[in-house]
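The sequence shown begins at 352 in my numbering and counts up by one. To keep things clear, I will list the structure first and then write my remarks on it.
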Amino acid sequence: MKIKGYQISEILLQSDEMIIARAVQESLDRTVFLKILPQLPAAGELRHQFEQEARLLARLNHPNIVTIHEFNADHDPAYLVLEYFAGRNLAEYLVEKSSLTAEQLFSILRQAVTGCAKAHSAGILHRDIKPANLLIDDAGQVKLTDFGLATLMDSSQRRVAGTAGYLAPELALGEVPTQLTDIYALGMTVYTLAAGENPLSGKNLNEALNLAINSKPRDLSELRTDLPDELVKLVSRMIQKNPHVRISSCDKILEVLTEFKAFAPVKSEPQRGPIAFQKPDHRKPGETPAELLNVPSRKDWVLGLAFFGLLVFAIYSWSVSKRPDFVEPYVKYIPDTTARADTTHQITSIPMPMVDEDTLHQVGQIPEEIGKNFVMTLPAPQTPPAGSDIIGDPPRLKFGSLVVAAIPWANIVVDSTPQGMTPIAGKLNFSVGKHTVHFMHTDYPEISREVVIQDGKTDSLLLNWYKELGFLSIDVYPWADVYVNSNRVDVTPLKKPIALQPGEYQLLLKNPNYSPWNRFVTVTAGDTQRITVRLLNSNTP
């Protein structure tokens, strides 16, 4: 493979959809990364994502974001030229280092948030922040990369996109992405780097999304005794499940970081490179910025009256747990623009109507578990008090459960979101209110049912295709193409009866050597109508 003007020195990653290579740009004699699409269709989702990534990256010029040098969609193959950064992604870094110090976590968070704030100020949402999409070099500089799923803030895109374990609940559940969803992913990234694992990754996609919605990660203070209380509380604010009580912006996070007393940056511009830290001698254990003290904690608080007013001190009961291995679920592989080995995998939603299971596996080598994903829509959260940016425990969201079954089987889609193919193990959880359940089958027309989910209650829904539909069994001599309402549906001899919704249909049988047969037939639910036809020769009067 040749790209004019570039000498490829090493193929770092290769798949059917993407090639990542290290190359030398001959005109400037500099090393770059090439992101190459071997086959770029004239239209389609892959082309749109590729071009959008280039356009959005071109808006950003920041030391904490990988820079784009060139984009050529007219070349065969199409390619992106990206800044070469001699580092590795944080997923690899975590495996190599086993654990990250509090100073390293602070530096990574500060730089990542600074880069993300730049993207947000340009109206861009990343949508896939995770350790594998953050690069770090030996000097400690961090860069945000892989804008393949990025979108504009004013987009009404509701498709699920991201990585299991880092997907904000409201985004995984079909809500429009916002800067708050990026903040959640940043928070879960730092949590993962601190804890050594992502507690919401799950064994499969279904479990991961259930955990994102229903499970609260353990407080970092229970896992790491060395982390300052102010850092623990900030991460907790970033990963609140209710977006309306999550910390409001990356700029706000940076404001809070400047108040941290546990770290004193030596360099004046820490976002441009490594950060050195020193511990101020005057800091008292547990002392935090005043703003963070407003965040409710599980710890017991002791209040004492001091000379200048009321001071608050945190009394901690610490426990240490062994760092588990860093593992994330296999969902769907999409190559990383970093040209490094990626240990995580992405979720991208499939446009409706839902395709059959075989097609799903062809699209992205998706494992069986992806058919059993759990997705729902959040109810509108309560608006926080005016002027408040303080996080408390989010209000309890109201959910109910639904057990769905179908005879013989069905692909289940609820409110445009696929839930998998029956039999579905266990219950599906949804927010209270009306939901539309779509039953889909490769051989039968789609059937939809409305359900009303009640708080804390479990309902059931069973669909029997054989009782809901009517069937036409057609025998034709010698043979014929079968048309229903002008649509060709089969050819005789039929392998199985034609399934139709109850009602009246125009049935047309055509053979080029015979006169057509045309009748109106009535289809009744649960009944099989048998039709036998002997076609007449076209020359017969």
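Yeah, the Cβ is synthetic: ideal placement off N, Cα and C, and Gly gets one too. Only a predicted model underlies this, so the values are computations on that prediction, with no experimental measurement involved.
* Asked: Leu-886 and Leu-860: beta carbons closer than 8 Å?
  -> Their beta carbons are under 8 Å apart, which means Leu-886 touches Leu-860 by this criterion.
* **When Val-417, Thr-452, Ala-429, Ile-590 are compared against Ile-370, the one with the closest alpha-carbon** => Comparing Cα positions, the closest option is Ala-429.
* To do: Look up Trp-868 in the DSSP assignment and give the residues it is bridged to.
  => Answer by DSSP bridge pairing, in chain order: Leu-860.
* Asked: Between the beta-carbon of Gly-807 and the beta-carbon of Gly-751, is there less than 8 Å?
  -> For Gly-807 and Gly-751, yes; Cβs fall inside 8 Å.
* Asked: Going by C-alpha distance, which of Glu-404, Ala-374, Val-464 is nearest Ala-437?
  -> Proximity to Ala-437 across Glu-404, Ala-374, Val-464 peaks at Ala-374, based on C-alpha coordinates.
* **Segments of 4+ residues assigned as alpha helix (DSSP H) that fall wholly inside the region 434-506** => The qualifying runs are 441-448, 453-472.
* **DSSP state of Asn-415 mapped onto helix, strand, coil** => If DSSP states are grouped into helix, strand and coil, Asn-415 belongs with coil.
* **N- and C-terminal bounds of the beta strand (DSSP E) containing Lys-592** => Segment: none, Lys-592 is in no beta strand (DSSP E) and carries neither H nor E.
* **beta strand (DSSP E) runs contained entirely in the region 800-839, provided each spans 3 or more residues** => Those beta strand (DSSP E) runs which fall completely within the region 800-839 and span 3+ residues are 809-815, 821-828, 832-835.
* First and last residue of the beta strand (DSSP E) that includes Tyr-357? -> Here the beta strand (DSSP E) through Tyr-357 covers 357-365.
* Asked: Beta-carbon separation of Glu-443 and Val-417 under 8 Å?
  -> No, the pair does not count as a contact, with Cβ atoms beyond the cut-off.
* DSSP bridge partner residues for Met-791 (one or two, in chain order) -> Paired residues: Asn-762.
* Rank Trp-830, Leu-814, Asn-838, Gln-852 by C-alpha distance to the C-alpha of Leu-823 and give the top, closest one. => When only C-alpha atoms are compared, the closest one is Gln-852.
* **Same chain, Cβ closer than 7 Å to Glu-819, neighbours up to 5 away in sequence not counted** => Cβ neighbours of Glu-819 beyond the five flanking positions: Ile-798, Ala-876.
* Rounded C-alpha distance that separates Thr-639 from Lys-584 -> Because the pLDDT at Thr-639 is just 39, under 50, the model does not fix this residue reliably, and the value given afterwards should be weighed accordingly. Taking the straight line from one Cα to the other gives about 9 Å.
* With a cut-off of 8 Å, does the C-beta of Gly-854 fall near any C-beta of chain B? -> Here chain B cannot be found, since the structure has a single protein chain.
* Identify the residues that DSSP records as bridge partners of His-786: which are they? -> Per DSSP, the beta bridge partners of His-786 are Val-802.
* **Beta-carbon proximity list for Val-827, same chain, < 7 Å, skipping 5 on both sides** => Cβ within range, chain order: Thr-843, Leu-860, Val-884, Leu-886.
* Return the first residue and the last residue of the beta strand (DSSP E) that Lys-847 is part of. => Per DSSP, Lys-847 belongs to no beta strand (DSSP E) and is neither H nor E.
* Out of curiosity, what's the CA-to-CA distance linking Asp-497 and His-399? -> The alpha-carbon atoms of Asp-497 and His-399 are separated by roughly 15 Å.
* What's the call for Tyr-357, buried or exposed, on a 16-neighbour Cβ count within 10 Å? -> Its Cβ being crowded by 16 or more others within 10 Å, Tyr-357 is buried.
* Asked: Count the other CB atoms within 10 Å of the CB of Lys-592; is the residue buried (16 or more) or exposed (fewer)?
  -> Under this definition Lys-592 is a buried residue.
* To do: Mind the definition here: the region 514-531 touches the region 568-585 only if three or more C-beta pairs lie below 8 Å; say whether that holds.
  => No: the two stretches stay apart, fewer than three of their Cβ pairs being nearer than 8 Å.
* Quick one: grab the DSSP three-state call for Asp-427. => Correct three-state label for Asp-427: coil.
* Could you give the distance in angstroms between the alpha-carbon of Asn-755 and the alpha-carbon of Phe-781? -> The sequence given here places Val at residue 755; Asn does not occur at that position. Taking the straight line from one Cα to the other gives about 13 Å.
* **Alpha-carbon spacing of Ala-757 relative to Ala-545, whole angstroms** => The alpha-carbon separation between Ala-757 and Ala-545 amounts to approximately 44 Å.
* To do: Kindly indicate which three-state DSSP category Glu-548 falls into: helix, strand or coil?
  => Coil at Glu-548, not helix or strand.
* To do: Note down the Cα distance separating Gln-770 from Asn-862, rounded to an integer number of angstroms.
  => Looking at the backbone, the Cα of Gln-770 and that of Asn-862 are separated by about 42 Å.
* Asked: Taking DSSP as the reference, what is the three-state secondary structure of Gln-733?
  -> Confidence at Gln-733 is low in this model, with a pLDDT of 44, below 50, so the placement of that residue is unreliable and no value is reported for it.
* How many angstroms separate the CA atom of Asp-533 from the CA atom of Ile-825? -> The straight-line gap from Cα to Cα measures roughly 57 Å.
* Please name the residue, chosen from Arg-406, Ile-775, Tyr-834, that lies closest to Ser-811 on a Cα-to-Cα basis. => Distances from the alpha-carbon of Ser-811 to those of Arg-406, Ile-775, Tyr-834 put Ile-775 closest.
* Asked: Thinking just about the alpha-carbon of each residue, which of Asn-838, Val-607, Ser-866, Asn-864 is nearest to the one in Gln-857?
  -> Of Asn-838, Val-607, Ser-866, Asn-864, the residue nearest in Cα terms is Asn-838.
* Under a three-way DSSP split, which group does Ile-534 fall into? -> In this structure, DSSP gives Ile-534 a helical state, which the three-state scheme calls helix.
* Taking 8 Å as the threshold, find out whether the region 469-488 comes into contact with the region 563-578 through three or more Cβ pairs. => Because the criterion of three Cβ pairs below 8 Å is not met, the region 469-488 and the region 563-578 do not touch.
* What residues are listed by DSSP as bridge partners for Gln-769? -> Strictly speaking, residue 769 in this sequence is Pro, with Gln absent from that position. Pro-769 is bridged to Val-764.
* Asked: Comparing alpha-carbon positions, which option in Leu-364, Asp-570, Leu-411, Gly-854 lies nearest Tyr-542?
  -> The residue with the shortest Cα to Cα distance from Tyr-542 is Asp-570.
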